[in-house]
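Asks: According to my numbering, the residues represented by the sequence shown are 31 to 287, in order. All C-beta atoms, glycine included, are put in the ideal place defined by N, C-alpha and C.
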Amino acid sequence: MAGLGVNIDHVATVRQARRTVEPDPVWAAAEADLGGADCITFHLRQDRRHIIDRDVALLRETVKIKLNMEMSVADEIVRIALATKPDQATLVPEKREEVTTEGGLDVRGQAARVAEVVAALREAGIAASAFIDPDPGQIEASAEAGFEAMEIHTGAYANAWLLHGGDGRAEKVAAALADIRAAVGAGLDAGLVVHGGHGLTYDNIDPVAATEEFTEFNIGHSIIARAIFVGLRQAVSEMRLLIDRAADRRRRRIPRA
Numbered sequence: 031m032a033g034l035g036v037n038i039d040h041v042a043t044v045r046q047a048r049r050t051v052e053p054d055p056v057w058a059a060a061e062a063d064l065g066g067a068d069c070i071t072f073h074l075r076q077d078r079r080h081i082i083d084r085d086v087a088l089l090r091e092t093v094k095i096k097l098n099m100e101m102s103v104a105d106e107i108v109r110i111a112l113a114t115k116p117d118q119a120t121l122v123p124e125k126r127e128e129v130t131t132e133g134g135l136d137v138r139g140q141a142a143r144v145a146e147v148v149a150a151l152r153e154a155g156i157a158a159s160a161f162i163d164p165d166p167g168q169i170e171a172s173a174e175a176g177f178e179a180m181e182i183h184t185g186a187y188a189n190a191w192l193l194h195g196g197d198g199r200a201e202k203v204a205a206a207l208a209d210i211r212a213a214v215g216a217g218l219d220a221g222l223v224v225h226g227g228h229g230l231t232y233d234n235i236d237p238v239a240a241t242e243e244f245t246e247f248n249i250g251h252s253i254i255a256r257a258i259f260v261g262l263r264q265a266v267s268e269m270r271l272l273i274d275r276a277a278d279r280r281r282r283r284i285p286r287a
């Protein structure tokens with residue numbers, strides 16, 4: 031079954047809205063672990079808009095499940111990653127003006143720098159993953175750059191899911207899902223471990239989780255939003271259950287009710 035990575039950035043977003051000490055994303059990581067998470071994901075941005083350096087150090091000290099650091103290829107961030115030694119580093123694009131990560135990393139367009147960072151990460155014993163669009167050229171470039179894994183950017187699928195029926199929603203969802211499934215196959219053919227994430231929710235996770243060969247899903251905003259009402263431990267447990275049910279139905283070839 032695919033693992034569940036819980037992105038705790040938005041816990042830090044609430045804290046940073048008041049520049050105070052709570053809620054603490056380090057405590058959130060512990061609650062996510064107790065709820066059944068297989069991985070804790072965080073993004074240390076250059077502008078420190080949510081996760082800050084203090085969080086990174088404490089997460090490395092306290093998290094006992096897989097720790098995944100999302101990061102740009104900026105020199106300062108790379109140095110912090112090499113010193114922190116997360117279990118995995120996922121290279122992502124980063125713009126200061128964006129609200130959240132927009133689109134996948136252009137591995138092909140900055141191949142030399144990306145390959146340099148990947149080599150440094152792997153030499154330090156850190157698994158390297160590329161957050162990329164479901165594009166054959168980017169998948170090929172990721173394998174050539176030395177990545178061990180790729181995370182398919184599922185944003186197009188998530189956006190299509192939110193469309194109203196009159197906007198060709200069914201066709202757009204089907205097309206985006208087909209792109210994801212094709213990317214999974216291409217990634218496996220390239221020798222990459224395949225993850226998925228961005229915009230995945232309790233409502234739209236089922237068709238993606240029913241896709242074979244995903245190893246991990248990284249989900250943040252939807253889980254943190256749900257946690258406001260039911261608590262983080264319960265919110266994680268509910269998402270874990272949906273992923274497992276979809277995988278079980280796939281194995282048994284049972285259609286969704």
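Closest by CA to residue 80, which one among 66, 60, 51 and 69?
Replies: Working through the sequence shown from its first residue, we reach residue 80 at position 50. Closest option to residue 80, Cα to Cα, is 51.
Asks: Does the beta-carbon of residue 214 have 16 or more other beta-carbons within 10 angstroms, so that it is buried, or is it exposed?
Replies: Position 184 of the sequence shown, counted from the start, is the residue given in the question as residue 214. Buried.
Asks: Consider the C-beta atom of residue 194 and the heavy atoms of the ligand ATP; say whether any pair is separated by less than 7 Å.
Replies: Within the structure as shown, the ligand ATP is missing, as the structure has no ligands at all.
Asks: Give the DSSP-derived three-state secondary structure of residue 244 in the structure shown.
Replies: If you number the sequence shown from 1, residue 244 lands on position 214. Coil.
Asks: Tell me whether residue 181 is buried or exposed, calling it buried when 16 or more other Cβ atoms sit within 10 Å of its Cβ.
Replies: Mapped onto the sequence shown, residue 181 falls at position 151. Buried, because 16 or more other Cβ atoms sit within 10 Å of the Cβ of residue 181.
Asks: Please work out which residues of its chain come closer than 7 Å, Cβ to Cβ, to residue 216, disregarding the five sequence neighbours upstream and downstream, and give them in chain order.
Replies: In the sequence shown, the residue the question calls residue 216 occupies position 186. Only 166 and 169 meet the Cβ criterion.
Asks: In angstroms, rounded to a whole number, what distance separates the CA positions of residue 266 and residue 67?
Replies: On the sequence shown, residue 266 is found 236 positions in, with the first residue counted as 1. On the sequence shown, residue 67 is found 37 positions in, with the first residue counted as 1. Using only the alpha carbons, I get a separation of about 7 Å.
Asks: Could you tell me the boundaries of the beta strand (DSSP E) in which residue 289 lies?
Replies: Limits of the chain in this structure are 31 at one end and 287 at the other, which puts residue 289 out of reach.
Asks: Where does residue 122 sit, in a helix, a strand or coil, going by DSSP?
Replies: Reading the sequence shown from its first residue, position 92 is the one you call residue 122. Annotated three-state conformation of residue 122 is coil, per DSSP.
Asks: Return the bridge partner residues of residue 34 from the DSSP annotation.
Replies: Here residue 34 refers to the residue found at position 4 when the sequence shown is read from its first residue. DSSP, once it has assigned bridges, lists 247 as partnering residue 34.
Asks: Which class does residue 253 belong to by DSSP, given the choice of helix, strand or coil?
Replies: Translated into the one-based positions of the sequence shown, residue 253 becomes position 223. If DSSP states are grouped into helix, strand and coil, residue 253 belongs with the helices.
Asks: Please state the DSSP three-state secondary structure of residue 184.
Replies: Numbered from 1 along the sequence shown, position 154 holds the residue referred to as residue 184. Coil, per DSSP.
Asks: Which first and last residues belong to the alpha helix (DSSP H) in which residue 40 is found?
Replies: Reading the sequence shown from its first residue, position 10 is the one you call residue 40. 39-48 is the extent of the alpha helix (DSSP H) around residue 40.
Asks: Which residues does DSSP list as the beta-bridge partners of residue 177?
Replies: Here residue 177 is taken as the residue at index 147 of the sequence shown, counted from 1. Answer by DSSP bridge pairing: none, since residue 177 is not bridged.
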